[in-house]
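The opening position of the first sequence corresponds to residue -2 in the numbering used here, with each subsequent residue numbered one higher.
Each residue gets a CB set at the ideal place from its N, CA and C atoms; glycine is no exception.
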Amino acid sequence: MPELPEVEVIRRDLERDAVGRRIKEVQVKLPRIIRRHKTKKEFADALIGAKITRIDRRGKYILCHLDNGNVLVMHLGMSGRIERSTGRKAAEKHTHVVLKLQTGGELRFIDMRQFGELFVTAGEMDGVKELAHIALDPLADSFTWQVFSEIVSSRKMKLKTLLMDQKFISGIGNIYSDEILWAAGLRYERPSDQLTSQEMRRLYRAMQEVLQDGIRHGGVTLEDETYRNLYGKQGEFQDHLKVYGQEGKPCRRCRTPIVRDRWGNRSTYYCPQCQV
DNA sequence: GTTTAACCCTGCACGC
DNA sequence: TGCGTGCAGGGTTAAA
-2 MPELPEVEVI
8 RRDLERDAVG
18 RRIKEVQVKL
28 PRIIRRHKTK
38 KEFADALIGA
48 KITRIDRRGK
58 YILCHLDNGN
68 VLVMHLGMSG
78 RIERSTGRKA
88 AEKHTHVVLK
98 LQTGGELRFI
108 DMRQFGELFV
118 TAGEMDGVKE
128 LAHIALDPLA
138 DSFTWQVFSE
148 IVSSRKMKLK
158 TLLMDQKFIS
168 GIGNIYSDEI
178 LWAAGLRYER
188 PSDQLTSQEM
198 RRLYRAMQEV
208 LQDGIRHGGV
218 TLEDETYRNL
228 YGKQGEFQDH
238 LKVYGQEGKP
248 CRRCRTPIVR
258 DRWGNRSTYY
268 CPQCQV
């Protein structure tokens, strides 16, 4: 569920609240979450005593840079979240990893569906090798209209597949891809190499605007309430969704009922009238 | 190169 | 009440 905007909201929270703090103790309650490591000890030893110096984001991955040269990489999967706690409140169900901080308090990794993961790796000059396949961030300054245009037009893929493919564009998932395509007035199955230059510009602008809007509204918290920010607050962008989850409701542009298609094993929502 | 399906997982809704 | 089934979905992988 967490996509680029939700992850960015958490990144900003962590930047405010975790940078400068030292990790005192690491508890791993579910080894599956640190599946890239052979043992809990290997994971914990790479973290204990280290100070968090910077928080970055690469697509849907959060990168906590440490003063020992390591990087703690976190992916929230579908239902993961990170909670800042004083440590006094009992850990809620599905709390799988706890990082206790030297100055008090702790960071808890909570994930009902266990698709999320944490791992520690050596930081390198040009990033983290495990994330080498993750494409440029669509909100990065270097992700220009020209770069986007080249990515889209040089492939023959359905637009939604392309938007969601982390190798080409990072951070977009099922919810935001539907919203971006609605904002651009384009159908999810349109071949990426057959857009007019006007359509291409609309798609680029829609991508930037929808993602920024998502961040501004604190991300999307659906009815399952799995997504919260670092302090447990829900997002508000679900109240601004134009198509995702809006099946049968009138399109905000043309009043035509929004349609839901089963596409692969995902749902996709669109307006059959104004998305062409 | 691109598409499709299966897999991982839990909670919930639904039908019988 | 209780059981089985299907669904939600991100990323990876294998097969088509």
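Is Ala129 buried or exposed, if buried means 16 or more other CB atoms sit within 10 Å of its CB? Here Ala129 is exposed, its C-beta having fewer than 16 other C-beta atoms within 10 Å.
Can you give me the C-alpha to C-alpha distance between Arg85 and Thr100, rounded to a whole angstrom? One Cα belongs to Arg85, the other to Thr100, and the distance between them is close to 14 Å.
Can you tell which of Asn171, Val207, Ile148 and Gly170 has the C-alpha that lies nearest to the C-alpha of Ala180? The shortest Cα separation from Ala180 among Asn171, Val207, Ile148 and Gly170 belongs to Val207.
Taking all protein chains shown into account, do 16 or more other C-beta atoms lie within 10 angstroms of the C-beta of Gly211, making it buried, or fewer, making it exposed? With 16 or more Cβ atoms within 10 Å of its Cβ, Gly211 is classed as buried.
Quick one: complete beta strand (DSSP E) runs, 3+ long, within the stretch 58 to 87? Counting only runs of 3 or more residues that sit fully inside the stretch 58 to 87, the beta strand (DSSP E) segments are 58 to 63, 67 to 72 and 77 to 82, in chain order.
Closer than 8 Å is the cut-off here; do at least three beta carbon pairs connect the stretch 233 to 242 with the stretch 168 to 186? Taking a cut-off of 8 Å for Cβ pairs, the stretch 233 to 242 and the stretch 168 to 186 touch, as three or more such pairs fall below it.
Cβ atoms of Ala15 and Ile59: under 8 Å apart, would you say? Using a Cβ distance threshold of 8 Å, Ile59 and Ala15 do not count as a contacting pair.
Within 10 Å of its beta-carbon, does Arg8 have 16 or more other beta-carbons around it, so buried, or fewer, so exposed? Buried, because 16 or more other Cβ atoms sit within 10 Å of the Cβ of Arg8.
In the DSSP assignment, the alpha helix (DSSP H) including Ala181 goes from what residue to what residue? Counting along the chain, the alpha helix (DSSP H) containing Ala181 begins and ends at Asn171 to Ala181.
Taking 8 Å as the cut-off, decide whether the C-beta atoms of Gly168 and Asp134 are in contact. At a Cβ-Cβ threshold of 8 Å, Gly168 and Asp134 count as neighbours.
Between Val217 and Gly232, is the Cβ-Cβ spacing less than 8 Å? In this structure, Val217 places its C-beta atom within 8 Å of the C-beta atom of Gly232.
Can you name the start and end residues of the beta strand (DSSP E) that Arg259 belongs to? Its beta strand (DSSP E) spans residues Val256 to Trp260.
Confirm, please, whether the CB-CB distance from Lys26 to Thr92 is below 8 Å. In terms of Cβ geometry, Thr92 and Lys26 form a close pair [threshold 8 Å].
If you measure between the beta carbons of Phe234 and Val117, is that distance less than 8 Å? Result no, Cβ atoms of Phe234 and Val117 do not sit closer than 8 Å.
Mapping the DSSP letters down to three states, classify Thr158 as helix, strand or coil. Of the three classes helix, strand and coil, the one that applies to Thr158 here is helix, per DSSP.
Tell me where the alpha helix (DSSP H) around Gln209 begins and ends. Looking at the DSSP string, the run of the alpha helix (DSSP H) that includes Gln209 is Ser194 to Arg213.
Measure from the alpha carbon of Met197 to the alpha carbon of each residue in Tyr266, Asn262, Glu22 and Trp142, then state which is nearest. For the residues Tyr266, Asn262, Glu22 and Trp142, the minimum Cα distance to Met197 belongs to Trp142.
Considering Asp10, what are the terminal residues of the alpha helix (DSSP H) in which it resides? Counted as a single uninterrupted DSSP element, the alpha helix (DSSP H) harbouring Asp10 occupies residues Leu1 to Asp14.
According to DSSP, is Arg19 part of a helix, a strand, or is it coil? In the three-state scheme derived from DSSP, where H, G and I count as helix and E and B as strand, Arg19 is classed as strand.
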